[in-house]
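Under full-length UniProt numbering, the sequence shown is numbered contiguously, ending at residue 247.
Every residue, glycine too, gets a C-beta built ideally from N, C-alpha and C.
Report on the structure given below.
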Amino acid sequence: MKLQHHLGGIENLGPVSTETRVFVEPWEKRIFGIHTVMMAESAHLANALHPYPIDQLPTTFKNDWTWASLRTGAEDMQPFDYFKYRYYEKWLGGISQFFVDQGYITAEELAQKTAHYRASPDATLPHKPDTALAAQVDAYLQNGDSGYHTLEREARFAKGDTVRIADPDAVDHTRLPGYLRNKTGTVDLVYPGAFSYFVSTGVDGIGEPMPVYRIAFDTADIWGEGKSEANTTLYADLYEAYVQPAN
């Protein structure tokens, strides 16, 4: 959520897409499925609250793969490429680059396979059903990779506190919308427990379990009165690492 990924309040970007379909093309469903299976096989599930038999799965996939992994791939794209490609094309690019970077396939092998299916679009795709993997995917879809933990200390802030949002150094991936940096809001809700992200963002500050707050902002304080409807409140769920005292 930096550069081309946080567009709130930026003018002259052209018409906003009002497409309501989740999948516009049939191949997009397959990309979503690949991503889902990768998350269901991800090594980080060994530490999830729901027990998963990760070390017993019949798979050669041994890496962590989370939503953060997918988003990092998109956020690393050159901005002009980012706006050129469709939503699931960005997913495909990020997933493909991940497999090349991790050594599951070489760039040359990927290029050969791409050329093959372009020349023969009706060629049979790989199909290796496995009941254990299917059961793992079903379990993951039902139970997720919840990062909820018991909070072992008091949250720094309470409902009604006025807070200021941090402005950490830019990193590969962040959960902080750019338009909220250095803005002032009010804690509307302190969620019970603590939450982890399964991925450390380094200097950005999230990774270990911490409180999460729902913070209310007057949109005029974010974008100015001339660009905001009167009496409009924006709510954002933010990790404690992004929240500072107002003074």
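The beta-carbon distance between S42 and W67, rounded to whole angstroms, is 10 Å. This is too long to meet the 8 Å contact definition. I105 sits in coil when the DSSP states are folded into three classes, being neither helix nor strand. Taking C-beta atoms under 8 Å as the contact rule, T233 and I215 fail to qualify, at a distance of about 10 Å.
Under a 10 Å Cβ-count criterion, E75 is classified as buried, with 16 or more other Cβ atoms of the shown protein chains found around its own Cβ.
In the DSSP assignment, R30 falls within the unbroken alpha helix (DSSP H) covering 26-41. As the crow flies, the alpha-carbon of T219 is around 10 Å from that of K183. One Cα belongs to Q244, the other to T174, and the distance between them is close to 17 Å.
Between the alpha carbons of A107 and V100 lies a distance of about 6 Å. Per DSSP, the unbroken alpha helix (DSSP H) holding Q142 starts and ends at 131-143. With respect to the C-alpha of L151, the residue from A170, Y191, A134, H127 having the closest C-alpha is Y191. Judged by beta-carbon spacing, G94 lies within the 8 Å limit of L70, meaning their Cβ atoms are closer than that value. Under the three-pair Cβ rule at 8 Å, the stretch 14-29 does not count as touching the stretch 41-55. By a beta-carbon distance limit of 8 Å, G202 does not contact A241. Their separation comes to about 11 Å. Annotated three-state conformation of Y88 is helix, per DSSP. Looking at the DSSP output, A236 shares a beta bridge with I215.
Bounds of the beta strand (DSSP E) holding T186 are 184-190. Residue environment for K84: exposed (fewer than 16 other C-beta atoms within 10 angstroms of its C-beta).
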